[in-house]
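Residue numbers 134 to 193, in my numbering, belong to the letters of the sequence shown in order. Think of the CB as a built atom: it goes at the ideal place given N, C-alpha and C, for glycine as much as any other residue.
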Amino acid sequence: MSNKKNLRRLSVLVTAQTMGNLEKLAAMEGYRNTGRVIDKLVRDRMLALRPGNWKGGDNK
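As structure tokens, then:
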């Protein structure tokens, strides 16, 4: 298996409060950097947006 990862560089401008929250989430999850937190948040959000995966109401 290859060590190559499908990664891209991203530069993000956020407020001090958001940066603090990202750092707090990274520490809670044991991530080395805030980029992994952003990746996880986006991944979770995209999974939540899939049809049939929304929360709330009756799933009929």
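Quick one, are the C-beta atoms of residue i and residue j less than 8 Å apart?
i: L155; j: T167; result: yes
Thinking C-alpha only, which one of the options is nearest residue i?
i: L158; options: L174, K138, A149 and R183; result: L174
Can you find the residues in the same chain that come closer than 7 Å, C-beta to C-beta, to residue i, ignoring five residues on each side of it along the sequence?
i: Y164; result: V170
Near residue i, which residues of its chain fall below 8 Å by C-beta distance, leaving aside the five closest residues on each side in sequence?
i: V145; result: I171
i: R142; result: none
i: K193; result: Note that K193 scores 46 on pLDDT, short of 50, meaning its location in the model is unreliable; the coordinates nonetheless yield the value given after this. So no residue of the chain qualifies.
i: V147; result: L155
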